[in-house]
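Notes to accompany the following structure.
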Amino acid sequence: MHGTLSHGTDVNVPASEAWALYGTLELTYISVPDLFAKIDISKGDGGVGTIITPTTNPGSLFSTYVDKILLVDNEKMVKEVHAYQGGYLGLGFNSYLVRFEVIEKSKTSCTTKVTVEYDVKEGFIANTVHVSIEPFIGLVNYGNNYLIKNHKK
1 MHGTLSHGTD
11 VNVPASEAWA
21 LYGTLELTYI
31 SVPDLFAKID
41 ISKGDGGVGT
51 IITPTTNPGS
61 LFSTYVDKIL
71 LVDNEKMVKE
81 VHAYQGGYLG
91 LGFNSYLVRF
101 EVIEKSKTSC
111 TTKVTVEYDV
121 KEGFIANTVH
131 VSIEPFIGLV
141 NYGNNYLIKN
151 HKK
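Residue numbers (UniProt numbering): 1 to 153.
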């Protein structure tokens, strides 16, 4: 079973500023300790192939999991992060991907969009109840608030 969830938010900063946050590991770093207990980067520098191991704060569905960056397209301003070990893969998912996009609206504003795409094995369809875009909306809102607060005027 395949599924997709998506959410976009407008932010009044240039797309290039937003991409400097979303297209790198910067958002990962600034979100500790507010959204994550810690983040380990075991391989890479934020480009394709980077391995990220977040440790979440208490109350999260998973205490830790491993993600891998599969795509960073600076021209299209798209980054894809794929579940690599644990997390949703441990709940019977074949794949779980999060895509961050920055879409230019004007020279001074853009849309930050997050999409979750997943595929779950037939015998584990009940586990799709755990799929939510809300944590990623929270992450994007956190990033957008950071962008507005630190906007280079």
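Quick reminder that beta carbons are idealized off the backbone N, C-alpha and C, glycines included. Predicted, not measured: the structure shown is a model, and the values here were computed from it.
A Cβ-Cβ contact shorter than 8 Å links V11 with L147.
Between I133 and K149, the alpha-carbon positions lie close to 24 Å from each other.
In this structure, T9 lies near N141, with their beta-carbon atoms less than 8 Å apart. Note on geometry: alpha-carbon atoms of Y118 and V13 lie some 30 Å from one another.
Residue environment for G87: buried (at least 16 other C-beta atoms within 10 angstroms of its C-beta).
Approximately 6 Å separates the beta-carbon atoms of K121 and N94; this is inside 8 Å, confirming the contact.
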